[in-house]
Amino acid sequence: MRKITFPIGGVHPHDSKFAAERPIEVLPLPAVVYVSMAQHLGAPAKPIVAVGDSVKTGQVIAEPGGFISAFVHAPASGTVKSIAPRKDLAGNSVMHIEIAVEGDEWMDGIDLSDTLVTAIPDDPAAIIEKVKACGVVGLGGATFPTHVKLAPPPGKKAECLILNGTECEPYLTSDYRIMLERPKEILIGAALMQKALGGCRCVVGIEENKPEAVKVMRAAIAELSLADIEVAVLRKKYPQGGEKQLIAAVMRREVRSGALPIDAGAVVQNVGTSLAVYEAVQKNKPLITNVLTVTGAMLPAEKQHNYLYRIGTPLSFIIEQAGGVPEGAAKLVSGGPMMGKAIANVDATTVKGSSSVLYLDAPSTVRKEASACIRCGRCADACPMGLEPFLLNRLCKAGDLEALEANAVQDCIECGCCIYSCPANIPLLDRFRIAKGQVIGAIRARAAAQKQ
Amino acid sequence: MTGTILWTILILSGLGLVLAVVLFFIAKKFKVEEDPRIDEIEKTLPGANCGGCGFAGCRAFASSAVAAPDLEKHFCPVGGNAVMQQVAAILGFELQEKAPQVAVLRCNGSCEARPRVNVYDGLASCRVKASLYAGDTLCAYGCLGCGDCEAACAFGALKINPDTLLPEIDEEKCTACGACVKACPRTLLELRNKGPRGMREFVACRNRDKGPVAKKACANACIGCGMCFRTCTHGAIVFENNVSYIDFSKCKLCRECEAMCPTGAIHGVGFPKPLDKDAVKERIRKRKEAANA
Numbered sequence: 001m002r003k004i005t006f007p008i009g010g011v012h013p014h015d016s017k018f019a020a021e022r023p024i025e026v027l028p029l030p031a032v033v034y035v036s037m038a039q040h041l042g043a044p045a046k047p048i049v050a051v052g053d054s055v056k057t058g059q060v061i062a063e064p065g066g067f068i069s070a071f072v073h074a075p076a077s078g079t080v081k082s083i084a085p086r087k088d089l090a091g092n093s094v095m096h097i098e099i100a101v102e103g104d105e106w107m108d109g110i111d112l113s114d115t116l117v118t119a120i121p122d123d124p125a126a127i128i129e130k131v132k133a134c135g136v137v138g139l140g141g142a143t144f145p146t147h148v149k150l151a152p153p154p155g156k157k158a159e160c161l162i163l164n165g166t167e168c169e170p171y172l173t174s175d176y177r178i179m180l181e182r183p184k185e186i187l188i189g190a191a192l193m194q195k196a197l198g199g200c201r202c203v204v205g206i207e208e209n210k211p212e213a214v215k216v217m218r219a220a221i222a223e224l225s226l227a228d229i230e231v232a233v234l235r236k237k238y239p240q241g242g243e244k245q246l247i248a249a250v251m252r253r254e255v256r257s258g259a260l261p262i263d264a265g266a267v268v269q270n271v272g273t274s275l276a277v278y279e280a281v282q283k284n285k286p287l288i289t290n291v292l293t294v295t296g297a298m299l300p301a302e303k304q305h306n307y308l309y310r311i312g313t314p315l316s317f318i319i320e321q322a323g324g325v326p327e328g329a330a331k332l333v334s335g336g337p338m339m340g341k342a343i344a345n346v347d348a349t350t351v352k353g354s355s356s357v358l359y360l361d362a363p364s365t366v367r368k369e370a371s372a373c374i375r376c377g378r379c380a381d382a383c384p385m386g387l388e389p390f391l392l393n394r395l396c397k398a399g400d401l402e403a404l405e406a407n408a409v410q411d412c413i414e415c416g417c418c419i420y421s422c423p424a425n426i427p428l429l430d431r432f433r434i435a436k437g438q439v440i441g442a443i444r445a446r447a448a449a450q451k452q
Numbered sequence: 453m454t455g456t457i458l459w460t461i462l463i464l465s466g467l468g469l470v471l472a473v474v475l476f477f478i479a480k481k482f483k484v485e486e487d488p489r490i491d492e493i494e495k496t497l498p499g500a501n502c503g504g505c506g507f508a509g510c511r512a513f514a515s516s517a518v519a520a521p522d523l524e525k526h527f528c529p530v531g532g533n534a535v536m537q538q539v540a541a542i543l544g545f546e547l548q549e550k551a552p553q554v555a556v557l558r559c560n561g562s563c564e565a566r567p568r569v570n571v572y573d574g575l576a577s578c579r580v581k582a583s584l585y586a587g588d589t590l591c592a593y594g595c596l597g598c599g600d601c602e603a604a605c606a607f608g609a610l611k612i613n614p615d616t617l618l619p620e621i622d623e624e625k626c627t628a629c630g631a632c633v634k635a636c637p638r639t640l641l642e643l644r645n646k647g648p649r650g651m652r653e654f655v656a657c658r659n660r661d662k663g664p665v666a667k668k669a670c671a672n673a674c675i676g677c678g679m680c681f682r683t684c685t686h687g688a689i690v691f692e693n694n695v696s697y698i699d700f701s702k703c704k705l706c707r708e709c710e711a712m713c714p715t716g717a718i719h720g721v722g723f724p725k726p727l728d729k730d731a732v733k734e735r736i737r738k739r740k741e742a743a744n745a
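Protein sequence lines correspond, in order, to chains A and B.
First residue of the first sequence: 1, per the numbering used here; consecutive thereafter.
First residue of the second sequence: 453, per the numbering used here; consecutive thereafter.
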């Protein structure tokens, strides 16, 4: 069978899926949870509880702070201890609600049973409203509020819903595990989103290194007899899970510079998000749990874990439960090794998008000294957006914003392929991030000036 | 043979003559009238093209200055009042003298006071480091130590001290152009009045965390106790977001806040004598007693 992929660039890091065979375990509740108010893209949520309040599991504790924002729910029942700034994993202060956990008493109306609810509601607006009320955000990494994505602006129509089951980042196995263990829920979640988008076909993109997941998902589609959902097997290549790359692979369409996926008729959702949509709409369960991988090359097989955790559990608690930081770990990363963030503060809490605690050893993470660029062009070959990183690097050094914009630094998806492929160890992406911010700022300022 | 040489010389000289005449008339016809004062002003300016005045360079400053109704928006921080006197004389304006300024660093988290808790091995740029995380210490507001300010300074007035990993400012060389202020992603550098005979007082910390958190991150941090705010009798201290700031236009340089600060976050610079903390505390105590009685 033909295996599809995106047309330009990409790299092939070793997939290192050590935790792939480890079933999902339920992580015990910690004594205290810290719920961040900024765990989604957009405006931070506003707390609506006060210190001393008793909350139940699943109760709304913060409401959206803007159009692009999300509801936040209590991940466990207990007493609100404080509402104060606390350091996130990068060490920056973010508002958190601290809840001292006392038991696990759920809100009424949340269906905690395992029964599969297959009936799809008729009203698309009701589905979107439910998704919004349950605080569902994209769990693929960017944590973009899902209800915004499910309601395309007027005049734009989704032709294809793409479920992202590629999990192209090395080490991560949480999406793989949920595809194996809860395929039907994921597919019904997809059917719900299809309904919300006004009916469109759906493709589940899965990379070839997960043949089990392909088999299980196909079997579930047949069993549920879902006509307009199919599984596409994708060639293994990073960053296949990038929104634009996945659209290019599945639909053979390019999202032009500055446009959104919906302009190409596509809506991309992670399989984890789909599961969250199912739980929100069919079970009335808000997004308070997620699956996270604890992994690292130095860990023995029995110490690799896939945990179902309550969002707000401190990272230090998870690390402790998994047996502590292993010897030889030089860096702790939240997310994959390519795009994840280094954990500078292990006391930080988990957020909706937390997908892993990854231990990397020194040889695989410590940067080597940079030497001069020899214009070998490997970075340009690797860039999945068709940019020329070696040129952008020079322009960044010169601070030439106009030329940077002309060379589309704003299209950089920060996947890190350039820096991964550079034989001279030049910190390319480090510079691009800054330049991208400046150029996007300039573009927005220009657009705002034009409006006036 | 001679003929060829002769002809060549004649033709080329003739061509040169004709072109010279053409160029002469073109130059006359398309002559750009420019205010002669622009050249004059440019000559008096330092010529560093540092951009500290807010213009692209010295010439841009000069062309803008001749068109301006007054010199309110034009001040060369590098040349200072001396140069601006000359510029004002050329333009026939009265100059409002400005107090000379100098850059100060509002962080005193040396390696000793602010232990490193992780290792940063990314690009050695404060801006990049700040975009990634809070830095290799527990303080999310302090100096990142990669030297963006040093690279931005056109006058060699800033140097990162390898022992403290903080930049040190050479007052003699600093021209208060403000390049370092713009370069610092944490706005730790500030232009402040040099003060009478170079004496000035400032809070060398920007940590907005609450006391215990700030103290844990750095022994020299402002812990937001408000002691300086309560001590100051001149209303010079602005105390908000758990950090103090001294308004230099109101500060009378009595050094009482500096004596009372429990962490040493308030710095006095350029004073002839070192601060006798006990004497100042005694003075404050007596004043309070007198007020109570």
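Glycine included, C-beta positions come from ideal geometry on N, C-alpha and C.
Three-state class that DSSP yields for residue i in the structure shown
i, result
"Asp600 of chain B", "helix"
"Asn744 of chain B", "helix"
"Glu159 of chain A", "coil"
"Ser583 of chain B", "helix"
"His12 of chain A", "coil"
"Gln553 of chain B", "strand"
"Leu226 of chain A", "coil"
"Glu369 of chain A", "coil"
"His719 of chain B", "strand"
"Ser453 of chain A", "There is simply no residue 453 of chain A to check, as chain A begins at 1 and stops at 452 in what is shown."
"Ala73 of chain A", "According to the sequence displayed, residue 73 of chain A carries His and not Ala. Strand."
"Pro619 of chain B", "strand"
"His96 of chain A", "strand"
Where the beta strand (DSSP E) containing residue i begins and where it ends
i, result
"Met251 of chain A", "Not the beta strand (DSSP E): Met251 of chain A falls in the alpha helix (DSSP H), residues 243-251."
"Tyr697 of chain B", "695-698"
"Tyr309 of chain A", "305-310"
"Cys202 of chain A", "201-207"
"Lys87 of chain A", "78-87"
"Asn393 of chain A", "Where Asn393 of chain A is concerned, there is no enclosing beta strand (DSSP E), although the alpha helix (DSSP H) it sits in stretches over 389-398."
"Arg566 of chain B", "No beta strand (DSSP E) contains Arg566 of chain B, which DSSP labels as neither H nor E."
"Gly296 of chain A", "289-296"
"Val136 of chain A", "Run containing Val136 of chain A: none; DSSP gives neither H nor E here."
"Leu610 of chain B", "610-613"
Unbroken alpha helix (DSSP H) run spanning residue i, endpoints
i, result
"Glu279 of chain A", "271-283"
"Thr365 of chain A", "362-365"
"Asn533 of chain B", "532-543"
"Pro124 of chain A", "124-133"
"Leu547 of chain B", "Leu547 of chain B -> no alpha helix (DSSP H), and no H or E assigned at all."
"Ile61 of chain A", "Taken as a continuous stretch (DSSP letters only), Ile61 of chain A belongs to no alpha helix (DSSP H), being part of the beta strand (DSSP E) at 60-63."
Buried or exposed (CB count within 10 angstroms, at least 16 for buried), residue i
i, result
"Val250 of chain A", "buried"
"Val271 of chain A", "buried"
"Ser465 of chain B", "exposed"
"Glu3 of chain A", "At residue 3 of chain A the sequence reads Lys, which differs from the Glu that was named. Exposed, since its Cβ has fewer than 16 Cβ neighbours within 10 Å."
"Val473 of chain B", "exposed"
"Glu212 of chain A", "exposed"
"Ala551 of chain B", "exposed"
"Val665 of chain B", "buried"
"Gln39 of chain A", "buried"
"Ala631 of chain B", "buried"
"Arg658 of chain B", "buried"
"Ala508 of chain B", "exposed"
Assumed close pair residue i, residue j - CB separation to whole angstroms, cut-off 8 Å
i, j, result
"Ala76 of chain A", "Val136 of chain A", "With a Cβ gap of about 19 Å, Ala76 of chain A and Val136 of chain A do not count as contacting."
"Asp88 of chain A", "Ala348 of chain A", "5 Å"
"Ser356 of chain A", "Tyr171 of chain A", "7 Å"
"Cys629 of chain B", "Gly499 of chain B", "13 Å between Cβ atoms; not a contact."
"Glu63 of chain A", "Ile48 of chain A", "6 Å"
The stretch 89-97 of chain A contacting the stretch 109-117 of chain A, beta-carbon criterion three pairs below 8 Å: no
Between the stretch 15-31 of chain A and the stretch 294-302 of chain A, do three or more beta carbon pairs fall short of 8 Å? yes
Should the stretch 126-145 of chain A be called in touch with the stretch 270-284 of chain A, which here means at least 3 C-beta pairs below 8 Å? yes
Could you tell me whether the stretch 372-390 of chain A touches the stretch 414-430 of chain A, where touching means 3 or more Cβ pairs closer than 8 Å? yes
Three Cβ pairs or more, each shorter than 8 Å: is that satisfied between the stretch 217-237 of chain A and the stretch 300-316 of chain A? no
Taking 8 Å as the cut-off, does the stretch 598-615 of chain B touch the stretch 662-679 of chain B (at least 3 CB pairs, one atom from each stretch)? no
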